[in-house]
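S.K.:
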RNA sequence: GGAGGAGUGGCCGAGUGGUUGAAGGCGAUCGCCUCGAAAGCGAUUAUACCGGCAACGGUAUCGGGGGUUCGAAUCCUCCCUCCUCCGCCA
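Here is the structure:
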């Protein structure tokens with residue numbers, strides 16, 4: 012959510028920012044008119060209530076003195092009706108203001124490059140050497156199938172398309188990756204591990220920005236007002252919803268493993284094969300709550316923490332800075348980490364690291380105090396994948412593929428897998 | 001799932017219709033005292049919104065929503081959470 016004061020005082024810059032990211036800027040005008048109505052009604056109602064409160068006090072005093080207050084009471088009856096009416100109007104207008112606000116995306120940070128779509132993203136750095144192998148690397152889903160570790164047919168029987176059953180060393184590798192990532196972030200990068208619920212309520216999803224706009228992307232329980240999380244970001248960020256954090260608490264750094272569930276509505280026909288785009292996948296997520304002053308430095312270090320996973324696994328990758336038009340709804344600035352897939356001969360997203368500034372904090376009401384007497388301010392929230400586990404497995408199956416069709420484990424993983432090779 | 005109990009400020013805790021945004025205590029902050037500290041004394045100590053350049057004024061909030069009433073922390077109602085007992089269960 013954007014700061015309503017910013018929209019009031021500086022609507023033109025807000026509109027420009029929204030156009031920069033390809034969003035509909037007319038919402039700003041809708042907000043402005045609804046907001047003005049709301050403020051007018053609020054002012055009127057508050058004045059009437061002030062009067063009512065004053066007269067109520069007089070009634071109370073008269074009653075104490077055993078005087079007759081019938082006349083005042085009768086008078087207040089009308090006033091009370093009027094208050095009720097106006098209050099209802101005010102409530103409706105307030106709802107309108109809020110629903111407009113909830114559909115407006117974040118404003119891109121000045122450092123986010125201009126551009127319309129992924130084609131305008133900027134590569135900021137590359138890491139790792141892309142090997143020219145003397146055999147043709149099979150795509151991960153083929154090699155995984157022939158090694159007997161990925162079973163898409165069984166998954167289709169159990170659940171449908173976009174699911175996968177991991178078998179044997181595949182299942183073990185998945186588990187090893189999760190443990191490896193969590194250990195790295197907790198032991199070397201200073202994150203506190205949490206294991207949150209993966210079913211959450213609508214308030215939580217509103218807090219991070221999935222609701223109300225992206226409900227169709229979520230799996231919802233039929234009989235309960237609960238959704239499966241599309242990312243642990245939702246659970247973990249909402250850990251501090253409606254809280255005022257103490258000055259010495261920041262920065263807070265969490266990492267969490269969770270399964271993630273996405274309906275992938277509207278992505279039919281896209282990445283249909285393999286582990287790239289599944290309805291259910293595992294992810295280790297990094298989440299930070301920070302002082303606004305440091306949030307961009309914190310984004311750099313969070314990105315570096317995610318990159319470290321790829322470095323330790325020896326997977327070639329590049330870092331891409333998303334242009335304004337490609338930014339997610341809640342993000343002000345995002346770096347995508349893209350890992351090399353040799354079978355396809357291209358880089359694909361494996362992590363997305365974002366600074367949401369106060370956008371989520373305002374929705375989720377997460378504040379901090381700079382000192383014991385200071386006024387609470389919104390924190391900045393950040394998160395990034397550290398990493399998407401399924402895609403990491405896929406990258407390993409391709410990058411570590413041998414001519415004989417076997418897969419050599421990255422060295423750091425061996426103590427987690429207990430084997431050095433899949434064949 | 002059934003029965004009963006409870007949810008008040010950072011914390012504890014009073015408060016069953018009218019100067020109660022909320023006693024009292026703890027904690028915290030500032031000041032006095034002190035060489036310094038402790039103790040003691042005094043003051044301050046929620047959040048959001050609206051109006052105002054500001055000083056300041058106003059409104060709302062006692063788990064959440066709705067209702068009764070001139071007036072609700074207090075009464076009614078629905079929901080949520082926690083506790084106890086029963087049932088079920090990993």
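Numbering (this note's numbering), first residue to last: 12 to 434.
Yeah, the Cβ is synthetic: ideal placement off N, Cα and C, and Gly gets one too.
1) Note the first and the last residue of the continuous beta strand (DSSP E) segment covering residue 199.
2) Would you report the Cα separation of residue 135 and residue 372, rounded to the nearest angstrom?
3) Pairing CB atoms from the region 387 to 394 with CB atoms from the region 289 to 306, are three or more of them under 8 Å?
4) Can you give, in chain order, each stretch of the alpha helix (DSSP H) that sits fully within the region 117 to 181 and has at least 4 residues?
5) Excluding the 5 residues flanking residue 341 on each side, which residues of the same chain have their C-beta closer than 8 Å to its C-beta?
6) Would you mind reading off the limits of the alpha helix (DSSP H) that contains residue 401?
7) Would you check if the region 124 to 141 and the region 40 to 54 touch, i.e. whether three or more CB-CB distances between them fall below 8 Å?
8) Do you know whose CA, among 351, 152, 222 and 299, lies nearest residue 143's CA?
9) Would you list, in sequence order, the uninterrupted alpha helix (DSSP H) runs of no fewer than 4 residues that lie entirely inside the region 257 to 283?
10) Do you know how far the Cα of residue 165 is from the Cα of residue 173?
11) Short of 6 Å in beta carbon distance, which residues of its chain neighbour residue 406, apart from the five on each side in sequence? Order them along the chain.
12) Per the contact definition of three or more C-beta pairs closer than 8 Å, is the region 231 to 246 in contact with the region 205 to 220?
13) Would you report the Cα separation of residue 185 and residue 401, rounded to the nearest angstrom?
14) Could you work out which residue in 214, 199, 193 and 212 is closest to residue 205 when comparing CA atoms only?
15) May I ask you to report which of helix, strand or coil DSSP gives residue 444?
16) Quick one: residues in its chain with C-beta nearer than 8 Å to the C-beta of residue 29, no 5 flanking neighbours on either side, listed in chain order?
17) I need the boundaries of the beta strand (DSSP E) containing residue 329, first residue and last residue.
18) Please check the pair residue 296 and residue 416, which I expect to be a contact at CB under 8 Å, by giving their CB distance rounded to whole angstroms.
19) Check whether the region 311 to 323 touches the region 280 to 294, counting contact only when three or more Cβ pairs, one atom from each stretch, lie closer than 8 Å.
20) Excluding the 5 residues flanking residue 323 on each side, which residues of the same chain have their C-beta closer than 6 Å to its C-beta?
21) Go ahead and label residue 155 buried or exposed: buried means 16 or more other beta carbons lie within 10 angstroms of its beta carbon, across all protein chains shown.
22) Could you give the distance in angstroms between the alpha-carbon of residue 191 and the alpha-carbon of residue 207?
23) Quick one, are the C-beta atoms of residue 431 and residue 420 less than 8 Å apart?
24) Please report the residue range of the alpha helix (DSSP H) in which residue 112 lies.
25) Taking buried to mean at least 16 other C-beta atoms within 10 Å of its own C-beta, is residue 361 buried or exposed?
M.R.: Result, derived from the coordinates:
1) No beta strand (DSSP E) contains residue 199, which DSSP labels as neither H nor E.
2) Spanning the two alpha carbons is a distance of roughly 28 Å.
3) yes
4) 151 to 157 and 163 to 169
5) 116, 117, 219, 220, 365, 367, 370 and 371
6) 400 to 410
7) no
8) Ranking the options by Cα distance to residue 143, first place goes to 351.
9) none
10) 11 Å
11) 326 and 350
12) yes
13) The straight-line gap separating the alpha-carbon atoms of residue 185 and residue 401 is approximately 7 Å.
14) Proximity to residue 205 across 214, 199, 193 and 212 peaks at 193, based on C-alpha coordinates.
15) A query on residue 444 cannot be resolved here, the shown segment of the chain reaching from 12 to 434 and no further.
16) So the qualifying residues of the chain are 35, 36, 38, 39, 115, 116 and 118.
17) 328 to 332
18) In fact, because the Cβ distance is near 33 Å, the residues do not count as touching under 8 Å.
19) no
20) 423
21) buried
22) Rounded to whole angstroms, the gap between the alpha carbons of residue 191 and residue 207 is 19 Å.
23) yes
24) 81 to 114
25) buried
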